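A.B. asks: Quick note, the working numbering runs 1229 ahead of the 1-based positions in the sequence shown.
First the structure, which I've put down as structure tokens, then a few questions once you've had a look.
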Amino acid sequence: MADSKPRILRYGMAAVAEVAARITAGEPVALPTETVYGLAADATDAQAVARIYAAKGRPSFNPLIVHVADLAAAEALAVFDADARMLAAMFWPGPLTLVLPLRDGAAIAGLVTAGLPTIGLRVPRHRAMQAVLATSGRPLAAPSANASNGISPTRAAHVAASLGDRIGLILDDGPTEAGLESTIIAGRTLLRPGPIAIADLPFAVERRAEDGAVIAPGQLKTHYAPAKPLRLNALAPEGDEWLIGFGAIPGDETLSARGDVVEAAARLFDALHRADASDARSIAVAPIPADGLGEAINDRLTRAAHR
Ligand code: AMP
Ligand code: MG
């Protein structure tokens, strides 16, 4: 993160090259899509994704939409059924996000899907986002480029006003077209209305709140939580607990030995999955400070502990 005002680069070949270089180096960069300006980071790099959360000051982790260059790149990350292929053929590139089963072994950071076995994917149409995808060669996680609880930005100046000195670079290509976040569909369920109208879909969809417990098909939860009991603020393991450490408490594995909340956020979901897969019957987590990304980590752990 930068300490001074972000540089605003006007769209062009040199600007795209610089943005792609910053992104492959692990830095989030703000750039336009046809919906709103997004804060984009390499979705294969957990630390880069944690920096999105740090910049936005989001108090909780929810799954982020991953942007890819084309259907082939999407199929490398997720498993498509006939419905999903039809929707992709009709609306990609465009403002439609499909929530699909994550492909085994897909190189996507656990923080991107917030530990879920599904992934929200979209092929954007905007020339700037397309150019950065092509040049960086990375799938890009990109929520709206505004501080948490702020209004989604439709101009570079909105991003600068909202994220101020928390990001280093903004790619400016004028106002966005839709000004509204993408329509999100999971199976035949509408998770979020958006620029693609329901009436234009090739089948009827059921409406379900974004934070609804169950999304079709199957019974996929929108929030991952380990199957085992979870105890917070543990200074030492009790019984056969698997202890996830932080700072001075090493545990069976640590979120961050140096007590860095950005590193801890980057490792959180992978650590929970490993704890769930261990032989221990329950999980304990060392105290995590409440400041910065610690707030989002504690939010997710608290929800996982009280189910
Ligand atoms: P945004 O803040 O525009 O990036 O939108 C993120 C939203 O996409 C989340 O709040 C979810 O509603 C949805 N989403 C993304 N990925 C998933 C997923 N794997 N499962 C369910 N919903 C998802
Ligand atoms: Mg937003």
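Yeah, the Cβ is synthetic: ideal placement off N, Cα and C, and Gly gets one too.
Quick caveat: nothing in here was measured; it's all calculated off a predicted structure.
#1: Taking 7 angstroms as the line, does the beta carbon of Ser1373 fall inside it for any heavy atom of the ligand AMP?
#2: Could you check if Val1278 belongs to the surroundings of the ligand AMP, using beta carbon to heavy atom distance under 7 angstroms?
#3: Would you identify the three-state DSSP class for Ser1511, choosing helix, strand or coil?
#4: Within the stretch 1296–1382, note down every full alpha helix (DSSP H) run reaching 4 residues or more, in order along the chain.
#5: Along the beta strand (DSSP E) that carries Arg1395, what are the first and last residues, could you check?
#6: State yes or no: is the C-beta of Arg1236 within less than 8 angstroms of the C-beta of Leu1398?
#7: From the DSSP output, which residues share a beta bridge with Pro1261?
#8: Is the number of C-beta pairs between the stretch 1260–1275 and the stretch 1329–1349 that are closer than 8 angstroms three or more?
#9: Give every residue of the same chain whose Cβ lies closer than 6 angstroms to the Cβ of Val1328, excluding the five residues on either side of it in the sequence, and list them in chain order.
#10: Applying the 10 Å Cβ sphere with the 16-neighbour rule, what's the burial state of Asn1527?
#11: Which residues in the same chain as Ser1377 place their Cβ atom closer than 7 angstroms to its Cβ, once the five residues preceding and following it in sequence are excluded?
#12: Take every Cβ of the stretch 1311–1320, pair it with every Cβ of the stretch 1251–1260, and state whether three or more of those distances are shorter than 8 angstroms.
#13: Whose C-beta lies closer than 8 angstroms to the C-beta of Ala1519 among residues of the same chain, with five residues either side of it excluded?
#14: For Leu1464, count neighbouring Cβ atoms within 10 angstroms of its own Cβ and tell me buried if that reaches 16, exposed if not.
#15: Below 8 angstroms between beta carbons: does that hold for Gly1474 and Gly1480?
#16: Could you check what DSSP says for His1502 in three-state terms: helix, strand or coil?
#17: Throw me the rounded Cβ distance for the Leu1238 and Glu1247 pair, which I believe falls under 8 angstroms.
C.D. replies: A quick look at the data gives this:
#1: When distances are taken from the beta-carbon of Ser1373 to the heavy atoms of the ligand AMP, the shortest one is below 7 angstroms.
#2: No, Cβ of Val1278 sits at least 7 angstroms from all heavy atoms of the ligand AMP.
#3: Coil, per DSSP.
#4: 1300–1306, 1311–1320, 1356–1365
#5: Counting along the chain, Arg1395 falls outside any beta strand (DSSP E), and DSSP gives it neither H nor E.
#6: yes
#7: Tyr1266
#8: yes
#9: Thr1347, Gly1349, Ala1415
#10: The residue is buried, with at least 16 neighbouring Cβ atoms inside 10 Å.
#11: Lys1285, Gly1286, Arg1287, Pro1288
#12: no
#13: Taken in chain order, the residues that qualify are Asn1527.
#14: exposed
#15: yes
#16: Shown here, His1502 sits in a helix according to DSSP, grouped into three states.
#17: Between Leu1238 and Glu1247 a beta carbon distance of about 7 angstroms is seen, short of the 8 angstroms cut, so the two are scored as contacting.
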